[in-house]
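What follows is one structure encoded as structure tokens, with my remarks underneath.
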Amino acid sequence: TETDPLGNVNVIGLGFINNMAEYMVAADVLVSKAGPGTISEAAAVSLPVMLTSFLPGQEEGNIDFVLDGGFGSYINDVIPHESLKKL
């Protein structure tokens, strides 16, 4: 079978949905800011997370939680095209 070249990803914005767990179970990775609810939901279904930002003070510690737990990474999204080179 033919596969898409690296970097060719289709993204579809869904807005608010009620079945997030179904999408998380089907996903390979979650790209998100470091919100505690989102991180908890991803951890509950063993979904690796790539954190891109956080609210200073309020969510900053969540990055260490994910990194220390070994189920995700953090890439600062201040300069997105530079962050992509790290992948």
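In my numbering, the protein residues as written are 41 to 127. We treat Cβ as the ideally placed atom computed from N, Cα and C, and that holds for glycine. Computed from a prediction, not measured in an experiment: that's the story for all the values here.
- Per DSSP, the continuous beta strand (DSSP E) segment holding residue 91 begins and ends at 89–91.
- Residue pairing by DSSP places residue 63 in no beta bridge whatsoever.
- 8 Å or more divides the Cβ of residue 65 from the Cβ of residue 90.
- Between residue 111 and residue 88, the gap from beta carbon to beta carbon is short of 8 Å.
- Sequence-distant Cβ neighbours of residue 62 in its own chain, meaning closer than 7 Å and more than five residues away, do not exist here.
- A straight-line Cα-Cα distance of about 12 Å links residue 109 and residue 80.
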